[in-house]
Amino acid sequence: MGEVRGCSIPEDLLYSLENNVWARLEGEEVTVGMTSYACTLAGQIVSYTPKKPGKDVKKDKSCATVESSKWVGPVKAPVAGEVVAVNEAVAAKPGLINEDPYGRGWLVRIKPSDWGADSAELITGGAALAAFEAKMEAEGFTGC
Amino acid sequence: MDPDSEERMSHRDPRRWRLLDTGLRRAAENLALDRALLAAHQEGIGPHTLRFLRFEPCALLGYHQSAAQELNLDYVRAQGITIQRRITGGGAIYFAPEHLGWELLLDKRALGTADLATIARRICEAAAEGMRALGVNAAFRAPNEIAVAGRKLSGTGGAFDGDSILYQGTLLVDLDIEPMLHTLRLPADTHDDQAGKSLRQRLTSLRELLGVAPPLAEIRARLAQALAGAFDAALEPAAALLPRELALYRQALAEMDCEQWVSLRDRPRTEAPVRQACHRCSSGTLRAAVLLDLPARRLKQVWLNGDFPVTPPRLLADLEAVLRNLPLQQLEQAVESFFAAHEAGLVPTPGDCTAVVCKAVDGEQVPG
Chain A
65 MGEVRGCSIP
75 EDLLYSLENN
85 VWARLEGEEV
95 TVGMTSYACT
105 LAGQIVSYTP
115 KKPGKDVKKD
125 KSCATVESSK
135 WVGPVKAPVA
145 GEVVAVNEAV
155 AAKPGLINED
165 PYGRGWLVRI
175 KPSDWGADSA
185 ELITGGAALA
195 AFEAKMEAEG
205 FTGC
Chain B
19 MDPDSEERMS
29 HRDPRRWRLL
39 DTGLRRAAEN
49 LALDRALLAA
59 HQEGIGPHTL
69 RFLRFEPCAL
79 LGYHQSAAQE
89 LNLDYVRAQG
99 ITIQRRITGG
109 GAIYFAPEHL
119 GWELLLDKRA
129 LGTADLATIA
139 RRICEAAAEG
149 MRALGVNAAF
159 RAPNEIAVAG
169 RKLSGTGGAF
179 DGDSILYQGT
189 LLVDLDIEPM
199 LHTLRLPADT
209 HDDQAGKSLR
219 QRLTSLRELL
229 GVAPPLAEIR
239 ARLAQALAGA
249 FDAALEPAAA
259 LLPRELALYR
269 QALAEMDCEQ
279 WVSLRDRPRT
289 EAPVRQACHR
299 CSSGTLRAAV
309 LLDLPARRLK
319 QVWLNGDFPV
329 TPPRLLADLE
339 AVLRNLPLQQ
349 LEQAVESFFA
359 AHEAGLVPTP
369 GDCTAVVCKA
379 VDGEQVPG
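Going down the list, the sequences are from chains A and B.
Everything in the first sequence is counted per this note's numbering, starting at 65 for the first residue and increasing by one.
Everything in the second sequence is counted per this note's numbering, starting at 19 for the first residue and increasing by one.
Set out below in structure tokens:
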């Protein structure tokens with residue numbers, strides 16, 4: 065299990081470093097969520113508004129909006145495509161995102177429009193761990 | 019991020035801020051400007067900015083709120099008060115022309131941190147210093163308010179987009195309690211005479227504290243000096259927006275100046291009841307009224323009152339600030355942590371406070 069400065073960064077997932085989100089290809093759909101690093105920066109999440117199923121999302125544009133302690137901001141899609149599912153459990157209990165960001169706290173499922181091209185920019189494994197370490201260093205982050 | 023944006027951002031001097039005063043406007047215009055300025059900043063085009071703004075009378079919802087749950091719609095409509103929705107989080111507020119809005123557009127590089135709680139605290143502390151320069155004993159109150167002797171003078175909230183942040187606050191220069199009392203749903207029976215008194219105890223204004231409201235120009239100058247000073251920035255006044263900001267503003271206004279945006283979230287009032295209860299402490303009776311988010315099992319707002327002296331007098335008001343929007347499952351821990359971090363007398367105890375809030379959650383429904 066990968067870990068960087070106390071933040072879980074599973075090595076088997078794909079990551080958009082700039083957007084601080086993870087992606088997991090499951091058949092023809094991609095499940096997307098916030099990394100534990102993003103969750104720590106945000107704090108306790110109290111509200112979640114995903115794009116509705118059927119909506120198209122662009123790569124690096126919002127696929128969901130979250131709120132924590134009066135901060136509101138977008139979670140950006142790592143790949144372009146159509147939203148096919150949102151997480152009703154998270155809608156009922158947004159804190160699940162903090163509790164289990166890589167499992168029960170997933171945000172949206174997307175059917176990608178060009179997985180081959182978009183996924184080429186995602187990082188994984190040891191490269192992801194190194195990249196997150198550099199990002200945390202640059203942002204002055206001391207740890208999860 | 020595209021390479022051009024990256025380059026623009028790296029050349030944006032963290033110590034040079036634009037100073038913008040967009041004056042008195044309709045709510046939709048002010049909030050469309052928020053969205054446009056944040057978007058332009060995230061593109062690397064908009065400069066770091068300190069903006070002052072004022073609103074024609076309006077009720078502003080936090081991004082995730084529903085008008086039916088947060089406002090008394092009959093009163094709002096009868097008074098012709100505009101309802102709008104912010105891009106920032108937090109609770110519903112009533113904004114009148116005598117209140118001053120202030121906001122910063124910066125990025126995490128300029129702030130030296132990506133941690134949102136730290137960013138909020140630093141900005142609030144700087145703003146509080148500006149208010150102290152006006153002659154009031156303002157201080158940051160966790161998690162994100164500015165208060166004087168436990169009474170709120172400025173509320174704040176933020177939005178982020180990538181590395182860019184917009185952080186905004188209100189400043190109660192003067193305060194007419196009546197429209198606020200009747201516009202906003204509060205943890206109280208607003209038909210009760212005590213509700214106005216309770217609200218007055220929790221809020222204050224520069225005019226109340228100083229006897230007279232300072233001129234707006236002086237308030238802006240003190241706040242600007244303190245905010246810029248806290249981040250070693252120099253301010254450059256600007257009279258106009260950049261072309262890209264104007265284009266984004268027109269697009270944002272078209273999207274936000276409509277019922278669809280205001281009704282983005284439309285959950286029923288029945289899911290957000292007001293309930294109350296009492297709890298007997300060793301020194302007297304503690305009362306709690308709570309405005310609840312039932313489906314989310316969350317406290318939206320809590321008002322606590324005791325019929326006995328509390329040490330320090332601001333203790334319960336400070337605890338109320340911590341309990342805002344708190345998930346119920348975190349109540350006991352939050353109260354324990356609060357008391358561990360604050361000097362307090364023997365009564366009420368953490369257990370008293372937790373008990374009265376729990377009782378109120380399952381307590382008597384307050385009409386309205």
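Where a beta carbon is used, it is the ideal one built from N, C-alpha and C, also for glycine.
Just so you know, these numbers come straight off a predicted model, no measurement behind them.
| Along chain B, in chain order, which residues have C-beta atoms closer than 7 Å to that of Leu105/A? | Indexing the first sequence from 1 puts residue 105/A at position 41. Correct list: Ala132, Asp133 and Leu134.
| What in chain A is Cβ-close to Asn162/B, meaning under 7 Å? | Taking the first residue of the second sequence as position 1, residue 162/B is located at position 144. Ordered by position in chain A, the residues that pass the 7 Å Cβ test against Asn162/B are Ser133 and Lys134.
| message | Using 8 Å as the cut-off, can you tell me whether the stretch 35-51 of chain B makes contact with the stretch 64-72 of chain B, which would need three or more C-beta pairs spanning the two stretches below that distance? | response | yes
| request: Could you tell me which uninterrupted alpha helix (DSSP H) segments, each at least 4 residues in length, are contained entirely in the stretch 226-282 of chain B, listed from first to last along the chain? | output: 234-248, 261-274 and 277-280
| request: Verify the CB distance criterion: does Asp179/B have a CB-CB separation below 8 Å to chain A? | output: Counting from 1 along the second sequence, the entry for residue 179/B is found at position 161. So yes, Asp179/B belongs to the interface.
| How should Glu277/B be labelled, buried or exposed, when 16 other C-beta atoms within 10 angstroms of its C-beta is the threshold for buried? | Your numbering for residue 277/B matches position 259 in the second sequence. Per the 10 Å Cβ criterion, exposed.
| Residue closest to Phe205/A, alpha-carbon to alpha-carbon, out of Ala146/B, Ala138/B, Lys126/B and Glu143/B | Numbered from its first residue, the first sequence carries residue 205/A at position 141. Taking only the C-alpha atoms, the option nearest Phe205/A is Lys126/B.
| query | Among the residues of its own chain, which have a CB less than 6 Å from the CB of Pro32/B, if the five just before and after it don't count? | reply | On the second sequence, residue 32/B is found 14 positions in, with the first residue counted as 1. Once the five neighbours on either side are set aside, the close Cβ partners of Pro32/B are Ala128.
| query | Is the stretch 135-153 of chain B in contact with the stretch 237-257 of chain B, if contact means three or more CB pairs nearer than 8 Å? | reply | yes
| Does the stretch 332-347 of chain B come close enough to the stretch 152-161 of chain B to have 3 or more Cβ pairs within less than 8 Å? | yes
| request: Please name the residue in Gln294/B, Asn323/B and Thr288/B whose C-alpha comes closest to that of Thr303/B. | output: On the second sequence, position 285 is the one that residue 303/B refers to. Closest option to Thr303/B, Cα to Cα, is Asn323/B.
| task | Determine whether the Cβ of Gly145/A lies closer than 8 Å to any Cβ atom of chain B. | result | Within the first sequence, numbered from 1, the residue matching residue 145/A stands at position 81. Chain B, which has no Cβ nearer than 8 Å to the Cβ of Gly145/A, makes this no.
| task | With DSSP as the reference, label Pro368/B as helix, strand or coil. | result | Here residue 368/B corresponds to residue number 350 of the second sequence, with the count starting at 1. Three-state result, Pro368/B: helix.
| task | Going by CA-CA distance only, name the one from Gly148/B, Asp181/B and Ala167/B that's closest to Tyr203/A. | result | Reading the first sequence from its first residue, position 139 is the one you call residue 203/A. At residue 203/A the sequence reads Glu, which differs from the Tyr that was named. Residue Asp181/B is the option with its Cα nearest to Glu203/A.
| query | Of the choices Leu241/B, Glu196/B and Ala373/B, whose alpha-carbon is the least far from that of Thr188/B? | reply | By 1-based counting over the second sequence, the position of residue 188/B is 170. The option with the nearest alpha carbon to Thr188/B is Leu241/B.
| Burial state of Pro385/B (16 or more Cβ within 10 Å) | The count along the second sequence starts at 1 and reaches residue 385/B at position 367. Exposed.
| said: What does the alpha-carbon distance come out to for the pair Pro176/A and Gly167/A? | reply: Translated into positions along the first sequence, residue 176/A becomes position 112. Translated into positions along the first sequence, residue 167/A becomes position 103. Using only the alpha carbons, I get a separation of about 20 Å.
| said: Give me the residue from Gln97/B, Ala151/B and Ile183/B with the minimum Cα distance to Ala135/B. | reply: Locating residue 135/B in the second sequence gives position 117, where the first residue counts as 1. Among Gln97/B, Ala151/B and Ile183/B, the Cα nearest to that of Ala135/B is on Ile183/B.
| field | CB contact flag (Trp321/B, Ala206/B, <8 Å) | value | Counted from its first residue, the second sequence places residue 321/B at position 303. Counted from its first residue, the second sequence places residue 206/B at position 188. Taking 8 Å as the Cβ cut-off, Trp321/B and Ala206/B qualify as a contacting pair.
| query | What does Glu152/A touch in chain B if you count any residue whose Cβ is under 7 Å from its own? | reply | Residue numbering aside, residue 152/A sits at position 88 when the first sequence is read from its first letter. Within chain B, no residue comes near Glu152/A; the closest Cβ sits about 12 Å away, beyond 7 Å.
| said: 8 Å is my cut-off, CB to CB: does Thr174/B come that close to chain A? | reply: Your numbering for residue 174/B matches position 156 in the second sequence. Yes, contact with chain A.
| message | Going by beta-carbon coordinates alone, are Thr106/B and Gln186/B separated by less than 8 Å? | response | Residue numbering aside, residue 106/B sits at position 88 when the second sequence is read from its first letter. Residue numbering aside, residue 186/B sits at position 168 when the second sequence is read from its first letter. Yes, they are a contact pair.
| task | Rounded to whole angstroms, what's the CA-CA distance from Val147/A to Trp120/B? Just pull it up for me. | result | Taking the first residue of the first sequence as 1, we reach residue 147/A at position 83. Taking the first residue of the second sequence as 1, we reach residue 120/B at position 102. Rounded to the nearest angstrom, the two C-alpha atoms are 37 Å apart.
| request: For the beta strand (DSSP E) containing Ser182/B, list its first residue and its last residue. | output: Here residue 182/B is taken as the residue at index 164 of the second sequence, counted from 1. It spans Ser182 to Leu189 - the beta strand (DSSP E) in which Ser182/B sits, taken as one unbroken run.
| Applying a beta-carbon distance threshold of less than 7 Å, which residues of chain A neighbour Val345/B? | As a working note, residue 345/B is residue 327 in the second sequence. Contrary to the premise, residue 345/B reads as Pro rather than Val in this sequence. By Cβ distance, chain A contributes Gly159.
| Should Arg268/B go down as buried or exposed, given a rule of 16 or more other Cβ atoms within 10 Å for buried? | Walking along the second sequence from the start, residue 268/B turns up at place 250. Exposed, since its Cβ has fewer than 16 Cβ neighbours within 10 Å.
| said: Quick check: the stretch 365-382 of chain B against the stretch 290-309 of chain B, are at least 3 beta-carbon pairs closer than 8 Å? | reply: yes
| Close beta carbons around Trp170/A, own chain, < 6 Å, minus the five adjacent residues each side | Stepping through the first sequence from its first residue, residue 170/A is reached at position 106. Only Thr95, Gly97 and Asn151 meet the Cβ criterion.
| According to the Cβ coordinates, are Leu271/B and Arg316/B closer than 8 Å? | Within the second sequence, the letter at position 253 stands for residue 271/B. Within the second sequence, the letter at position 298 stands for residue 316/B. Not closer than 8 Å, so no.
| request: For Cys299/B, name the three-state secondary structure that DSSP assigns. | output: By 1-based counting over the second sequence, the position of residue 299/B is 281. Residue state, collapsed to three classes: coil.
| What are the boundary residues of the beta strand (DSSP E) that includes Tyr112/A? | Translated into positions along the first sequence, residue 112/A becomes position 48. It spans Ile109 to Pro114 - the beta strand (DSSP E) in which Tyr112/A sits, taken as one unbroken run.
| said: Beta carbons nearer than 7 Å to chain A: which residues of the stretch 79-101 of chain B have them? | reply: Tyr81 and His82
| Proximal residues of chain A, C-beta to C-beta of Ile105/B below 8 Å | Within the second sequence, numbered from 1, the residue matching residue 105/B stands at position 87. Within 8 Å Cβ-Cβ: Val136.
| said: So for Phe356/B, helix, strand or coil by DSSP? | reply: Position 338 of the second sequence, counted from the start, is the residue given in the question as residue 356/B. Three-state DSSP puts Phe356/B in a helix.
| task | List the residues that DSSP assigns as beta-bridge partners of Met149/B. | result | The residue given as residue 149/B occupies position 131 in the second sequence. Per DSSP, none; premise fails for Met149/B.
| Sequence ranges, beta strand (DSSP E) only - wholly within the stretch 73-138 of chain B, length at least 3 | 76-79, 100-103, 111-113 and 118-125
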